[in-house]
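Peer 1: Numbering (this note's numbering), first residue to last: 165 to 306.
Built from N, CA and C at the ideal position, the CB exists for glycine as well.
As structure tokens, this is what we get:
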């Protein structure tokens, strides 16, 4: 078994949950692109991963269309012309995604508007109302 991949001090990814395959890359590259499978396709089994439930829940919307119906995150990496660099790129993107999901969002503290802000809002409404009333060309107001 390989060493776990550290994401945060408390969270690590099990390499057994990650599958890496190489496919032919698209785009420019001459003959090399037709002969060598350098593009990396990383699959991370989110359903089977040993992650805290709240991190998994935040990871689902972060993954977006990269998440399959089976609960597998698929990351395509074909930025570089070598397998090693594409593998590292895909892995770093996965780690960044999990690290972002590990951050708990701050709870919003409900606040009430101040008296001054309420008064400013009402004054603005009164001024706007006056402008609109002046625009109405009613007969006899000359």
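(1) Does DSSP put residue 205 in a helix, a strand or coil?
(2) How many angstroms separate the CA atom of residue 288 from the CA atom of residue 170?
(3) What is the DSSP secondary structure of residue 171, reduced to helix, strand or coil?
(4) May I have a chain-ordered list of the beta strand (DSSP E) segments no shorter than 3 residues that lie completely inside the stretch 200-281?
(5) From 254, 263, 189, pick the residue whose C-alpha is nearest to that of residue 182; which is it?
(6) Are the beta-carbon atoms of residue 237 and residue 230 separated by less than 7 Å?
(7) Tell me the rounded alpha-carbon separation between residue 251 and residue 281.
(8) Just confirm the distance between the C-beta atoms of residue 276 and residue 226, as a whole number of angstroms; I'd bet it's less than 8 Å.
Peer 2: Walking through what the data contain:
(1) strand
(2) 54 Å
(3) coil
(4) 203-209, 236-241
(5) 254
(6) yes
(7) 54 Å
(8) The Cβ separation is near 33 Å, so there is no contact.
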